[in-house]
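Visitor:
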Amino acid sequence: METAVHLDGITKRFPDVVANDNIEFEVKQGTVHALLGENGAGKTTLMNVLYGLYEPTSGRVEVAGEERDFDSPRDAIDAGIGMIHQHFMLVDPMTVVENITLGNEPRKWGGLAVDRTAARKAVVEIAGRYGFDIDPNARIEDISVGEQQRVEILKALYRGADTLILDEPTAVLTPQEIKELFGVLEELTAQGKTIIFITHKLGEAMRAADEITVLRDGQRVDTVDAGTTTRNALAELMIGREVLLDIDRPSTETGGVVASVSDLVVDDDRGVRAVDTVDFEVCAGEILGIAGVDGNGQSELIEAITGLRAPETGTIRLLDENVTDNSRRQRIEAGMAYIPEDRQDRGVVMDFDLVGNALLGSQHSSQFQSSGRIDWDKTREHAKTIINEYDVRTPGADTSAASLSGGNQQKFIVGREFERDPEFVVASNPTRGVDVGSIEFIHERLLELREAGAAVLLVSSKLKEVQGLSDRLAVMYEGEFIDLVDPTTTTESELGLLMAGQQPDDTGGDEREGESDLTEDPTDVTTGGERV
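Those letters in the sequence shown? Residues 56 to 587, by my numbering.
(1) Scan the stretch 217-259 and note each continuous alpha helix (DSSP H) run of 4 residues or more that stays entirely inside, going in chain order.
(2) What's the gap between the Cα of Lys433 and the Cα of Gly411?
(3) What are the start and end residues of the alpha helix (DSSP H) that includes Ala211?
(4) Could you tell me the alpha carbon to alpha carbon distance between Val151 and Gly120, rounded to whole angstroms?
(5) Assign Met56 to buried or exposed, taking buried as 16 or more other Cβ atoms, counted over all protein chains shown, within 10 Å of its Cβ.
(6) Take Val200 as the anchor and find which of Leu228, Pro305, Thr218, Glu308 has the nearest alpha-carbon.
(7) Three-state secondary structure (DSSP) at Asp323?
(8) With distances taken from CA atoms, which of Lys439, Thr66, Gly85, Lys83 is nearest Glu76?
(9) Roughly how far, in whole angstroms, is the beta-carbon of Phe187 from the beta-carbon of Leu209, given that I think they are within contact range, below 8 angstroms?
(10) Could you pull out every unbroken beta strand (DSSP E) segment of at least 3 residues lying fully inside the stretch 61-130, listed in chain order?
(11) State the start and end residues of the unbroken beta strand (DSSP E) segment that holds Ala329.
(12) When every heavy atom of the ligand MN is checked, does at least one fall within less than 7 angstroms of the C-beta of Leu539?
(13) Spatial neighbours of Ser515 within its chain, please: C-beta separation below 6 angstroms, excluding the five flanking residues on both sides.
(14) Could you check the C-alpha separation between Arg529 and Arg475 for me, to the nearest Å?
(15) Can you grab the Cα-Cα spacing for the pair Asp375 / Asp408, in whole Å?
(16) With distances taken from CA atoms, which of Leu62, Ile371, Gln464, Val348 is nearest Gly402?
(17) If I'm right that Thr100 touches Tyr106 with Cβ under 8 angstroms, what's the distance once you round it to whole angstroms?
(18) Just how far apart, CA to CA, sit Glu535 and Gly350?
(19) Report, in whole angstroms, the separation of the C-beta atoms of Ala281 and Asp265, which I expect to be a contact under 8 angstroms.
(20) For Lys256, count the other beta carbons within 10 Å of its own beta carbon; 16 or more makes it buried, fewer makes it exposed. Which is it?
(21) Would you mind listing the beta strand (DSSP E) stretches within the stretch 403-434 that are 3+ residues and don't spill past its ends, in chain order?
(22) Answer with buried or exposed for Val279, where buried requires no fewer than 16 other C-beta atoms within 10 angstroms of its C-beta.
(23) Does the beta-carbon distance from Ser354 to Glu396 come in below 8 angstroms?
(24) With distances taken from CA atoms, which of Pro559, Thr545, Ile394, His419 is nearest Leu501?
(25) Taking only the alpha-carbon atoms, compute the straight-line gap between Gln246 and Asn287 and give it to the nearest angstrom.
(26) Which residue spans inside the stretch 168-204 form an unbroken beta strand (DSSP E) run of at least 3?
(27) May I have the straight-line CA-CA distance separating Gly416 from Ile387, to the nearest angstrom?
(28) Any beta carbon of chain D sitting closer than 8 angstroms to that of Val480?
(29) Pick out whichever of Lys519, Arg398, Thr454 has its Cα sitting closest to the Cα of Glu472.
(30) Can you look up Glu376 in the DSSP assignment and give me helix, strand or coil?
(31) Mapping DSSP to helix, strand and coil, what is Phe496?
(32) Can you tell me whether Gly43 is buried or exposed, with buried defined as 16 or more other CB within 10 angstroms of its CB?
(33) By DSSP, does Leu363 sit in helix, in strand, or in coil?
(34) Using C-beta distances below 8 angstroms, list every residue in its chain close to Asp71, excluding the 5 sequence neighbours before and after it, in chain order.
(35) Which residues mark the beginning and the end of the beta strand (DSSP E) in which Val481 is found?
(36) Helix, strand or coil: how does DSSP classify Leu573 here?
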């Protein structure tokens, strides 16, 4: 089998870090090759070298047996390399055809005008050739995320890509869209295309790839056959030690009620009822989980509890104090910590360094003030404590949040919130988009807080996560808690029915037989169901 890509001794140095250290990487033509590693392992940097976004400090790039020197992505595209980034680069108001052909439109009238008929014909032809079902006239802003990803793939194919690099391609997809993507990859390789699949998810690498190369701390650890390896073996290669893929939740004594919600009603941004008369209590030393398909009111519920959205009616109490009308600052001072669902939108200020981000929410605290001014020396030490205690991989506290990988951003947020020594923690999808090592780390920290007597409200669309961590588990559907179950005795099949608005029958379910996940992460459940 011929070699499509060979990276020989690639090293890429930045001022503060060696992102890639003498990496040897070879991909066979017509295969799917997964590039696996923790967030920050150097995967995307290596592929940015291949795509011409970065010039390597040393090493050689070979494409189809020919040495190449890329000064820009244009050079890589001309050599048959295409890259689909994690955050799509599409123009929302433009159509599918316009986005695919942008900058390479067929011309007419001596090049004076775009030949829209020819452009549409070319896109329809290439979509049909690879089995892509997509409306060429639809606007990007009107199609699903999965369809947008297919547009990005078609854009690369339209430009003649023989090797496609997909950077964390499942991060924003539903389980159904992930399944469809894997079907697309099979069709592409069947027609001779080569796929490099950047991921930190063990199960997806094993499912999608023929071979898997593992990076750790900027170095290549090994390349293995996807059909013969195991999740545990891959996890150990990634992290450098044995990783606990299953959650071990020890029993603990619960105390009194720390937080409670009564008759809570919350509307969404459109004025539509999102949370409909919800009641619950969370006790000291307890994790109360909320399971549900995304979009059933979980986000609005959390926003109301944390002070980001005003409820229509109802009461929120923390340590027997009514905090319904309290500000975020007042809730933090009362003992509430919050790990947000969207780390970049609500967890950190991307342009701030880690010192500034460590201060967020505590800027009025006497702990970080001196003579009425912020004591930056104390704040810097606080940031360093978070970095060291929570294993945040960064050159230093002066590094911007934007320069950290997603997993390291998440660990920094977790550290900042837990270092408040909270009485009540609200954790909303705390491990979404992070690697297996960070997942294990965050789970351990949540369980340590629980053991120390904190109350935790955990909202997650990952069934195994919310089931494995929770002492009690509420299921939310269309803004209501439709059931409160014991996670140790309720099967995933029964939970799935509840999340679709159905009550399991008295016979119980399949007791997990035959169930499997595409990822080592607890499965993301983001598809909907009908009420019956």
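Glycine included, C-beta positions come from ideal geometry on N, C-alpha and C.
Guide: The relevant details are as follows:
(1) 230-245
(2) 12 angstroms
(3) 200-213
(4) Whole-angstrom Cα-Cα distance: 34 angstroms.
(5) exposed
(6) Taking only the C-alpha atoms, the option nearest Val200 is Leu228.
(7) Coil at Asp323, not helix or strand.
(8) Before going on, a small fix: residue 76 reads as Asp here, not Glu. Taking only the C-alpha atoms, the option nearest Asp76 is Thr66.
(9) 6 angstroms
(10) 72-83, 87-91, 113-118, 121-123
(11) 328-338
(12) Because no ligand of any kind appears in the structure shown, any question about the ligand MN cannot be addressed here.
(13) These residues qualify, in order along the chain: Asn484, Val521.
(14) It should be pointed out that residue 529 corresponds to Ala in this sequence rather than to Arg. Near 27 angstroms, if we compare the C-alpha coordinates of Arg475 and Ala529.
(15) 37 angstroms
(16) Gln464
(17) Under the criterion of beta carbons closer than 8 angstroms, Thr100 and Tyr106 do not qualify as touching, at roughly 11 angstroms.
(18) 12 angstroms
(19) 6 angstroms
(20) With 16 or more other Cβ atoms inside 10 Å of its own Cβ, Lys256 counts as buried.
(21) none
(22) buried
(23) Yes, they are a contact pair.
(24) Ile394
(25) 33 angstroms
(26) Segments of the beta strand (DSSP E) lying fully in the stretch 168-204: there are none.
(27) Gly416 and Ile387 have their C-alpha atoms roughly 7 angstroms apart.
(28) The structure shown contains no chain D; it is built from a single protein chain.
(29) Arg398
(30) Strand at Glu376.
(31) helix
(32) Because the chain spans 56 through 587 in this model, residue 43 falls outside it and cannot be assessed.
(33) In the three-state scheme derived from DSSP, where H, G and I count as helix and E and B as strand, Leu363 is classed as coil.
(34) Pro450, Gly451, Thr454
(35) 479-483
(36) Confidence in Leu573 is poor, its pLDDT being 33 and thus under 50, which makes the residue's placement too unreliable to answer from.
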